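In order, the protein sequence lines correspond to chains A and B.
Numbered by my numbering, the letters in the first sequence go through residues 1345 to 1749 in order.
Numbered by my numbering, the letters in the second sequence go through residues 1195 to 1420 in order.
Quick reminder that beta carbons are idealized off the backbone N, C-alpha and C, glycines included.
In this text the structure is predicted, and so the values were computed from the model without any measurement.
What follows is a short report on a single structure.
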Amino acid sequence: MRFELQVALRFLQEGRVQTALIMGGIGTGVGVIIFLSALIAGLQASIIDRTLGTQAHVVLQPSEEEARPQLDRVHQDVLAHIQRPAQRLRTILGWPRLLADLRSRPDVTAATPTVEGSAFALRGTANRSVALRGVDSDSYGGILDLRSKLVEGTFDVTGTHAVVGVELAKELGLGVGDTLRLVAPDDHTELFTISGLFDVGITDLNLRWVFISLRSGQTLMDLSGGVSSIQVKLRDIYSAEQVARELGAATGLKSDSWMTLNSQILIGLRSQDSSSIMIQFLVILAVVLGIASVLVVSVIQKGRQIGIMRAFGTRQEQLLRIFLLQGGLLGLVGSLGGILLGTLMALGFQRIATNPDGSPLFPVALTLQLYGRSVLVALGTGLVGSWLPARRAAALDPAVAIRNE
Amino acid sequence: MSESGPVLQLHQVHKSYLGAVSTEVLHGIDLQVERGEFVALMGPSGSGKSTLLNILGLLDRPTSGTVAILGQDCTALDDAGLTRLRGKSLGFVFQFHHLLPAFTAEENVYLPMLADVGHFEPAMGQRARELLGRIGLKGFETRPAAQLSGGQQQRVAIARALVMSPALVLADEPTGNLDQASGNQAFELMREFNRESTTAFLLVTHNPGLAKRCDRTITLVDGSIE
Ligand SMILES: Nc1ncnc2c1ncn2[C@@H]1O[C@H](COP(=O)(O)OP(=O)(O)OP(=O)(O)O)[C@@H](O)[C@H]1O
Ligand SMILES: [Mg+2]
């Protein structure tokens, strides 16, 4: 074994109580970091999951027809008379080509065309305003996998089949196999047969969304051969804003990312991140100071031993390494305890924080990466904390150290 | 380093401690120790014996004057150079044994070799056990240093000072803290090693009886050699 390692281990062994206490401190610190990180990562993943579970990352739509005033410097008041034209569903020109282009991009995992508009659903005397979703059943699953959200029937939107949410079905007294009349704003109307009921976990969407085929959507919305939006999923969700801007500039279409559409959520996530970093920083600082103070005391206590070591030929850089190693070892072993503690706390939390049905509110994110990072952080913390004491040990004047009886 | 010539040469060594008032403790010491010599250093308390020993042990630097170990002038050496020379050519025994309590007797003996080489080699253990056998501590090899008696600890410290076969061993009152029998035993050990090798000894003692059994006695009074 290396001389330095052997001495470092013996010194730690010698100061048994101090070693145990500071390891407890490091373990607690690392435990808090792991618990906090796992909690926040889990929470954020679940928030993003919930947000993006029913959303595309980027949505392309025809740009809004903005009435452009003739810029007449003399008659500024003309601006007051400009009005937006009545909203009318318009198609994305050349969408098949655009769709193919999108699908060939390496950062795009899925792209699908949809016809979206509002309509009335009639069943007997009951009626409800709904959001029509004319979708391409082959590719829509890449955006929202409705097949996995079905509670009854199948996801079949071919011909005049429709899939509705459980909430709407309850409201209108519908079941699989029943018929439903959909009426578009310009009185286009058609009768559909319910093939399946879905539950996406959000009551409002379960109440409003009605899925039909792209073709039926085009017919009802009077958008023959056209689509009203293209929905895109990306490999990296956080690149959405960038990609949306790029696509908007390249196509001239209205291009929105989930990040703009959910800016509040994003702000929430970011402030969670920064407060978590702040707490972790403070915990690390406390651990660094703890390690430093324990080792400074140890250097003072071992002054005579250090003096005699210098006398029998121990070099300054060897003493430096001996104390850095002690810091590193404290950090390393402490972090293993911390991993255990943090994992237990996180799993305990998961067990306590449950939905009414007993399932966890969200899964805590205990990853190998988090463990690895914690070990590295603790190791670094140990080295930083032991830097000053190590310098003091190396700089100790042997004559003085030996004289002090 | 020359193979012949004195082990130690001091020329006009002055030492002052700088404090509120600067006091000179050593006033121009000239001293030479030959190979294999066994020298006693005597003098009243506060006369500067330990100060002198620290300087010629390269643990402290003189304020002026030169120290040469094996013909090598140490004035120009940096800390690393002094440390290397100390480790290879000098051995130390102090009044209070100064063993590392967390290590066993055997480990304490070979620690200087371990520090020199950087990693353990079986030959180190062998050398340490051989020395422990010679100082009558066979069977105590794996005993933690803290569990040895004062006399035993001092003998281990002597073995440690000898493990690198140094040219000079500096012993500052090595028997001062021991009862007469143990002190005698420790002294005899050093005398024996000295006779069997070329290792020179410089021994600080207050005991005139011991000093008589040395080759030569130097007396320090008020920072000057009489
Ligand atoms: N670090 C220091 N700073 C200031 N003065 C010192 C220092 N070390 C020693 N002295 C002084 O130098 C003088 C010589 O001290 P030293 O320890 O060398 O004496 P000594 O001969 O070894 O005495 P003893 O026999 O009691 O061990 C003393 O007056 C002491 O107070
Ligand atoms: Mg003294």
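query                                                                                                                                                                         : result
Counting beta carbon pairs with one atom in the region 1253-1264 of chain B and one in the region 1325-1341 of chain B, are three or more of them shorter than 8 Å?           : no
Which residues have a Cβ closer than 5 Å to any heavy atom of ligand 1, listed in chain order?                                                                                : B:Y1211, B:V1219, B:S1239, B:G1240, B:S1241, B:G1242, B:K1243, B:S1244, B:T1245
For G1230 (chain B), which residues of its own chain have a beta-carbon under 8 Å away from its beta-carbon, when the five flanking residues on both sides are left out?      : N1388, S1391, T1392, T1393, A1394
Please report whether the beta-carbon of P1368 (chain B) lies at a distance below 8 Å from any beta-carbon of chain A.                                                        : no
Along chain C, which residues have their Cβ under 8 Å away from the Cβ of E1358 (chain A)?                                                                                    : Among the chains of the structure shown, chain C does not appear; the protein chains present are A and B.
Would you check if the region 1326-1335 of chain B and the region 1369-1377 of chain B touch, i.e. whether three or more CB-CB distances between them fall below 8 Å?         : no
Taking the alpha-carbon of I1352 (chain B) as reference, which of B:L1342, B:M1384, B:I1249 has the nearest alpha-carbon?                                                     : B:M1384
Taking 8 Å as the cut-off, decide whether the C-beta atoms of R1552 (chain A) and V1474 (chain A) are in contact.                                                             : yes
Is there a Cβ from chain A that is less than 8 Å from the Cβ of H1313 (chain B)?                                                                                              : yes
Between the Cα of G1657 (chain A) and those of A:A1738, A:I1628, A:I1556, spot the shortest distance and give me the residue it belongs to.                                   : A:A1738
Short of 9 Å Cβ to Cβ, which residues in the region 1654-1670 of chain A face chain B?                                                                                        : R1654, A1655, F1656, G1657, T1658, R1659, Q1660, E1661, Q1662
Rounded to whole angstroms, what's the CA-CA distance from R1654 (chain A) to Y1304 (chain B)? Just pull it up for me.                                                        : 15 Å
Whole angstroms is fine: what's the gap from P1406 (chain A)'s alpha carbon to D1522 (chain A)'s?                                                                             : 35 Å
Spatial neighbours of D1500 (chain A) within its chain, please: CB distance less than 8 Å, with the 5 preceding and 5 following residues excluded, ordered by chain position. : S1481, V1507, S1539, G1540
Just to confirm, are G1497 (chain A) and I1556 (chain A) a CB contact at a threshold of 8 Å?                                                                                  : no
Taking 7 Å as the limit between beta carbons, can you name the residues of its chain near M1689 (chain A), skipping five residues before and five after?                      : G1375, F1379
List the whole-angstrom C-beta distance separating L1364 (chain B) from L1396 (chain B), where the pair is believed to meet the contact cut-off of C-beta under 8 Å.          : 5 Å
Measuring straight from C-alpha to C-alpha, what distance separates V1351 (chain A) and P1700 (chain A)?                                                                      : 56 Å
Can you pull the DSSP bridge partners for H1221 (chain B)?                                                                                                                    : B:H1208
Tell me which residues share the same chain as R1470 (chain A) and place their Cβ nearer than 8 Å to its Cβ, disregarding the 5 neighbours each side in the sequence.         : Reading the sequence as shown, one finds Ala at residue 1470 (chain A) and not Arg. Cβ within range, chain order: E1515, L1516, G1517.
Would you call the region 1408-1415 of chain B in contact with the region 1225-1242 of chain B, where contact means no fewer than 3 C-beta pairs closer than 8 Å?             : yes
Any beta carbon of chain A sitting closer than 8 Å to that of N1388 (chain B)?                                                                                                : no
At a CB-CB cut-off below 9 Å, which residues of chain A make contact with R1286 (chain B)?                                                                                    : A quick correction: the sequence has Phe, not Arg, at residue 1286 (chain B). Simply I1652, A1655, F1656, I1746.
I'd like to know whether the C-beta atoms of L1727 (chain A) and G1671 (chain A) end up nearer to each other than 8 Å.                                                        : yes
Below 7 Å CB to CB, which residues in the same chain sit around E1348 (chain A) once its five sequence neighbours on both sides are set aside?                                : Q1662, R1665, I1666, L1669
Using 8 Å for Cβ pairs, my map puts G1592 (chain A) next to S1599 (chain A). What's the rounded Cβ distance?                                                                  : 3 Å
Return the CA-CA distance between I1650 (chain A) and L1674 (chain A), expressed in angstroms with no decimal places.                                                         : 20 Å
Buried or exposed: G1285 (chain B), going by 16 or more other Cβ atoms within 10 Å of its Cβ?                                                                                 : buried
Measure the C-alpha to C-alpha separation of L1326 (chain B) and I1249 (chain B) and round it to an integer number of angstroms.                                              : 29 Å
In the structure shown, what three-state DSSP assignment does M1236 (chain B) receive?                                                                                        : strand
Under the rule that 16 or more other beta-carbon atoms within 10 Å means buried, what is I1223 (chain B), buried or exposed?                                                  : buried
At least one CB of chain A closer than 8 Å to the CB of N1248 (chain B): is that the case?                                                                                    : yes
Using a Cβ-based criterion (distance less than 7 Å to any ligand heavy atom), does D1366 (chain B) qualify as near ligand 2?                                                  : yes
Cβ of R1648 (chain A) less than 8 Å from any chain B Cβ?                                                                                                                      : yes
Verify whether the separation of the beta carbon atoms of I1436 (chain A) and T1456 (chain A) is less than 8 Å.                                                               : no
Name, in chain order, the residues that DSSP records as bridge partners for E1496 (chain A).                                                                                  : A:L1541
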